[in-house]
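The structure appears below as structure tokens.
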Amino acid sequence: MQLHILTDPATTPLGLDVDPGFGECFTPGMILRDYEPGLGWQDARLVPRAPLSIDPAAVALHYGQSIFEGMKAYRDTRGELVLFRPEANAERMTLSAERMAMPPIPVAEFTELVKAFVAHQGACLSDDPSHALYLRPITFGTDGVLGVHPSKAYTFVLLGMIVSSYFKKGSKGLRLRVEDQYVRAVKGGTGAAKTAGNYAASLLAQRKAVEAGCDQVLWLDAQHREYIEELGGMNCFTVLDGTLVTPPLGDTILAGITRDTLLALARHLGIPTEERPLPLSEVLDGISSGRTTEVFATGTAAVISSVAELVWKGETFRLPDAQPIATMLKAKLTGIQKGTEPDTMHWLTHAQPTALV
């Protein structure tokens, strides 16, 4: 594989005059790579960001054969660009591709493309410690032939954007609406894959949550509507009797990289952890009795977001303002990412000019 660079490197930091927020402040370049039937993945191109031309009969548009990832690069205290666990994103995208009957990009090639992109577009990221370079790789089926079958041709795109906070709530925690009508995923389904349809299926419940004055949906299991699973795009943790508890992974919960990271950090810090089925009733009763002291959500986009309130069947359950374990873990994680804490787990990868060119 080679990377053909067909646009000039970025030179100007973005997001300095106006808060970049999330999902709007794109870098000027993007990577494209095509998969051709019988030939496999072709060389990649780094080109100016622009709209794509796609056949209106493309498989991705009609049957949802599309997967993506979310990852970040940071500027550390020395001004160097670092990626956080890019191989983990590459491995998860491989699993998503296999579940969606798509050809994966080899992990090493994926990682090298991401490193090359960050090195080329990294000047867009200022030294503002609240900013990061968010990366969105996506692969989708492009065959222009109708019929329910896997595509034979695919396009891979890598976008970059400068981001700050995902939620604009300051120190105020999230308000979650526990969903009891709709479900996000079922056993044997695609819940463990990062595929577009999972997020499309969540949009109606998310809209209803916002209309009810909440920030996010907290999903329950499809079979019993009894066990906590995850939020819309984030994993869920709670602190019960001083133990950090999160639902176990399976085919209905996405294997969050931030989730895995925080479990490792908690164990390193001596915080008791459990991965087990987590009944909603146990969490709500614990809030009332004082056993449940923290609930928080985790993911690449928002890192760690504390939860202030859970809303269940019209009743509001309020958590304590102080959430020391979430605060400690967030400080440790962001410190590693920004270079103020030692990277003893070897999670950081420096973005350097690539030999792919």
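Mapped onto this note's numbering, the consecutive letters of the sequence shown carry residue numbers 214 to 570.
Each residue gets a CB set at the ideal place from its N, CA and C atoms; glycine is no exception.
Could you check if Lys526 is buried or exposed, using at least 16 other CB atoms within 10 Å of its CB as the buried criterion?
exposed
Run through DSSP, which three-state label would Thr547 get?
helix
One question on the structure: do Val285 and Ala345 come within less than 8 Å of each other, judged by their Cβ atoms?
Looking at the sequence itself, residue 285 is Lys, so the reference to Val does not match. Result yes, Cβ atoms of Lys285 and Ala345 sit closer than 8 Å.
Nearest candidate by alpha-carbon position, reference Thr198, set Trp254, Thr505, Pro461 and Ala539
Summary: the structure shown does not reach residue 198, with the chain confined to residues 214 through 570, and so no result is reported for it.
Beta-carbon separation of Thr355 and Tyr367 under 8 Å?
yes
By a C-beta neighbour count over all protein chains shown, 10 Å radius and 16 as the cutoff for buried, is Gly543 buried or exposed?
With the sequence shown as reference, residue 543 is identified as Lys, and Gly is not the correct amino acid for it. Flag for Lys543 reads buried.
By Cβ distance, which residues of its chain are closer than 8 Å to Pro461, with the 5 residues on each side in sequence left out?
Glu488, Arg489 and Pro490
What are the residues that DSSP puts in a beta bridge with Ile484?
Answer is none; Ile484 lacks a bridge partner.
Do Val391 and Val524 count as a contact pair if the criterion is CB distance below 8 Å?
yes
Three Cβ pairs or more, each shorter than 8 Å: is that satisfied between the stretch 274-284 and the stretch 527-547?
no
Given a cut-off of 8 Å, decide if Ile280 and Cys337 are closer than it, judged by their beta-carbon atoms.
no
Could you have a look at His344 and say whether DSSP puts it in helix, strand or coil?
coil
Quick one: grab the DSSP three-state call for Pro350.
strand
Count the other CB atoms, across all protein chains shown, that sit within 10 Å of the CB of Leu431; report buried if there are 16 or more and exposed otherwise.
buried
His333: buried (16+ other C-beta within 10 angstroms of its C-beta) or exposed?
buried
Give the range of the alpha helix (DSSP H) segment to which Thr307 is assigned.
Pro299 to Arg312
Do you know offhand how far Asp247's Cα is from Leu416's?
30 Å
CB Phe380 to CB Ser518, shorter than 8 Å?
yes
With DSSP as the reference, identify every bridge partner of Phe330, one or two as the case may be.
Note: Phe330 sits in no beta bridge, so no partner.
Taking 8 Å as the limit between beta carbons, can you name the residues of its chain near Gly234, skipping five residues before and five after?
Val376, Ser377, Ser378 and Lys381
How is Pro618 classed by DSSP in three states: helix, strand or coil?
There is no way to answer for residue 618, as the model of the chain reaches only from 214 to 570.
Can you name the residues that DSSP bridges to Glu507?
Val452
Can you pull the DSSP bridge partners for Cys238?
Ile375
Looking only at C-alpha atoms, which of Ala223, Val260 and Cys238 sits nearest to His217?
Val260
What does a CB cutoff of less than 7 Å around Asp454 pick up in its chain, not counting 5 residues either side in sequence?
Arg504
By DSSP's criteria, Lys285 is part of a beta bridge. Which residues make up the other side?
Tyr347
Count the other C-beta atoms from every protein chain shown that fall within 10 angstroms of the C-beta of Val452, then say buried if there are 16 or more, exposed otherwise.
buried
Going by DSSP in three states, Phe323 sits in which element: helix, strand or coil?
helix
In this structure, how does DSSP classify Arg420 when only helix, strand and coil are distinguished?
helix
For Arg397, which beta-bridge partners are listed by DSSP?
In the DSSP output, where bridge partners are listed per residue, Arg397 has none listed.
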